[in-house]
Structures are given as C-alpha cells and as structure tokens.
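Note sheet for the following structure.
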Amino acid sequence: DTEVTQTPKHLVMGMTNKKSLKCEQHMGHRAMYWYKQKAKKPPELMFVYSYEKLSINESVPSRFSPECPNSSLLNLHLHALQPEDSALYLCASSQASGLAGFEQYFGPGTRLTVT
Amino acid sequence: SQQGEEDPQALSIQEGENATMNCSYKTSINNLQWYRQNSGRGLVHLILIRSNEREKHSGRLRVTLDTSKKSSSLLITASRAADTASYFCATVQGYNTDKLIFGTGTRLQVFP
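Protein sequence lines, in the order shown, are assigned to chains A and B. Going letter by letter, the first sequence gives residues 1 to 115 in my numbering. Going letter by letter, the second sequence gives residues 1001 to 1112 in my numbering.
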C-alpha cells in the first residue's frame, strides 16, 4: 500500500469554527509532513513530524495545531482561521528522516475554504 | 527566499514532442527531486538525483544535475496528453534534514 489518504477532500469553515484535517499512511514511514499550497504556487512546508515528534515548525501561526497520535496518523487542528488561510493542504510521508533525503509520498489534499 | 526558480513558467507542446524544464537553486544540496501535480491534486514523485550524480533516467524521463551551476533539467520525451500537469523541482538542502524546498513550477500542456 503506497497510498497517503486525507480527509475530508473539501472543507468550508467559518472564522470561528474548529475543525481538523486528517492524514493516514500505512507504509511504515516515520516522517510525516503538512504543506500549504495556494493556487498556482508551489507547496510550502508547515510542519514535519519525525518518529512522532515535531521536528520542524516553519513559524506557522498558532491557529494551526498539528498532532501525531501514532506513526500512521497525522492531524491538523484548525481554529479561528482567516480567509487568507484558504488553500490546498497537503499531507506527505517519507521513510526515516534526515540524512538521505528520501522521496515524499503525497496525499490528494484537502481543499479548505475559510468564509 | 530559498525557493528555486523554474523556467519556463508555462510550456505548450504537441503530443510526440519533447518537453524540457529547467530548475535553478541557491544553496548546496543533498539531492534534487522532481514531482508532478495534476490540477488541484496531490504531488507524485517522479525521480530523485543525488548531488554526486550527473544524469538519471526513468522511462521517458531524463534528469540532469549540474551542481557547479546549481541547476537541473527534466526532459520528457515523446510527450502524451496525459503528461499535462505542473512539474516542480524540490531540493533537500543540508544533510540531516527532511525539509524540501520546492521550485516555482512549470505548467506543461500537451495538446493531442
């Protein structure tokens, strides 16, 4: 199974809502990532989890809160978002982190619209 | 910004023609990777070339890397309509990091 799954596919939320994005992989990968992608732009790294510990936070605002409950799951909790946070949110995973720079496997993304 | 630059930004060709995309980056790298993204979907890894390699092939894909010029190119031969997508280069900068830095991307359109 070389698939990364993400739910939901689409999400519309108001600025006062709390919602969560979910990501799952069963490839035994120990590094998992959240990216944000605006239209016609490249993905921008938000967070990296390595062996279930947060290893990189790219100065992301606290209204985005990542969580890695186990080695297969990655969540992104959203609270009090702004309209400019509307984007495609991509999850990815890769083999053990660091050193060799392994290729990343991406999920299909969650299209988030903040109203 | 550490982001790499790709050119052209957009490329339109006919089926059967070859497509070449170029990527330039700014700092020394561990490896360079190419990804494809169909409209509004997730990215698919195409090929990885390490800093000590100069050329790599995978099917109809050929990637070159010139670390002295901090540049790479992706050649797609005998293109198909299904190759229509955005293509991104991405670099791993450093030797103990998971951080991928993506280039600006090339939007390729292949007409039947």
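Virtual Cβ for every residue (Gly too), placed ideally from N, Cα, C. The model shown is predicted, which means the values in this text are computed figures rather than measured ones.
Residues near residue i by beta carbon distance below 7 angstroms, same chain, minus five either side
i	result
residue 19 of chain A	11, 13, 78
residue 1080 of chain B	1015, 1110
residue 1048 of chain B	1031, 1033
residue 68 of chain A	32, 49, 52, 74
residue 90 of chain A	35, 37, 43, 106, 107, 109
residue 72 of chain A	24, 25, 26
Residue i versus residue j: straight-line alpha-carbon distance, rounded
i	j	result
residue 1005 of chain B	residue 65 of chain A	30 angstroms
residue 1036 of chain B	residue 1046 of chain B	7 angstroms
residue 115 of chain A	residue 86 of chain A	9 angstroms
residue 8 of chain A	residue 1075 of chain B	35 angstroms
residue 1073 of chain B	residue 1050 of chain B	14 angstroms
residue 1053 of chain B	residue 16 of chain A	51 angstroms
residue 59 of chain A	residue 1012 of chain B	37 angstroms
residue 35 of chain A	residue 1112 of chain B	33 angstroms
residue 1103 of chain B	residue 92 of chain A	17 angstroms
residue 1083 of chain B	residue 1007 of chain B	17 angstroms
residue 1025 of chain B	residue 1105 of chain B	12 angstroms
residue 106 of chain A	residue 54 of chain A	19 angstroms
residue 1020 of chain B	residue 70 of chain A	41 angstroms
residue 83 of chain A	residue 113 of chain A	7 angstroms
residue 96 of chain A	residue 1010 of chain B	35 angstroms
residue 76 of chain A	residue 1040 of chain B	20 angstroms
residue 40 of chain A	residue 30 of chain A	30 angstroms
residue 21 of chain A	residue 1087 of chain B	26 angstroms
Nearest-angstrom Cβ-Cβ length linking residue i and residue j, presumed shorter than 8 angstroms
i	j	result
residue 94 of chain A	residue 1098 of chain B	7 angstroms
residue 81 of chain A	residue 23 of chain A	That pair is no contact at about 18 angstroms.
residue 1030 of chain B	residue 101 of chain A	5 angstroms
residue 1042 of chain B	residue 28 of chain A	Residue 1042 of chain B to residue 28 of chain A, Cβ: 19 angstroms. No contact.
residue 1033 of chain B	residue 103 of chain A	6 angstroms
residue 1108 of chain B	residue 1085 of chain B	6 angstroms
Sheet register partners of residue i (DSSP bridge)
i	result
residue 89 of chain A	A:36, A:110
residue 1107 of chain B	B:1010, B:1086
residue 25 of chain A	A:4
residue 1066 of chain B	B:1071
residue 49 of chain A	A:32, A:54
residue 977 of chain B	In the structure as shown, chain B begins at 1001 and stops at 1112. Residue 977 of chain B is therefore absent and cannot be evaluated.
residue 144 of chain A	Only positions 1 to 115 of chain A appear in the structure, and residue 144 of chain A is not among them; the question remains open.
residue 1021 of chain B	B:1074
residue 1037 of chain B	B:1043, B:1086
Same chain, Cβ closer than 6 angstroms to residue i, five either side skipped, listed in chain order
i	result
residue 1077 of chain B	1018, 1060
residue 1055 of chain B	1064
residue 38 of chain A	87
residue 42 of chain A	none
residue 111 of chain A	10, 88
residue 1062 of chain B	1075
residue 1057 of chain B	none
residue 1023 of chain B	1004, 1006, 1072, 1089, 1103
residue 47 of chain A	34, 57, 66
Residues near residue i by beta carbon distance below 8 angstroms, same chain, minus five either side
i	result
residue 1066 of chain B	1054, 1072
Q.
For the region 38-52 of chain A, list every residue whose C-beta sits within 7 angstroms of some C-beta in chain B, in sequence order.
A. 42, 43, 45, 48, 50
- Task: With 8 angstroms as the limit, tell me which residues of the region 1067-1080 of chain B have their beta carbon closer than that to any beta carbon of chain A; keep them in chain order.
- Result: none
Inset, instruction - Could you list the residues in the region 77-109 of chain A with a C-beta less than 9 angstroms from some C-beta on chain B, going in chain order? - result: 88, 90, 91, 92, 94, 97, 98, 99, 100, 101, 102, 103, 104, 105, 106, 107, 108, 109
The region 1047-1066 of chain B: positions lying closer than 7 angstroms to chain A by Cβ:
1048
Exercise. What residues in the region 1007-1028 of chain B bring their beta carbon closer than 8 angstroms to a beta carbon of chain A?
Worked result: none
For the region 1097-1109 of chain B, which residues have a beta carbon sitting closer than 7 angstroms to at least one beta carbon of chain A? 1097, 1098, 1099, 1100, 1102, 1103, 1104, 1105
Q.
For the region 1033-1044 of chain B, list every residue whose C-beta sits within 9 angstroms of some C-beta in chain A, in sequence order.
A. 1033, 1035, 1037, 1040, 1041, 1042, 1043, 1044
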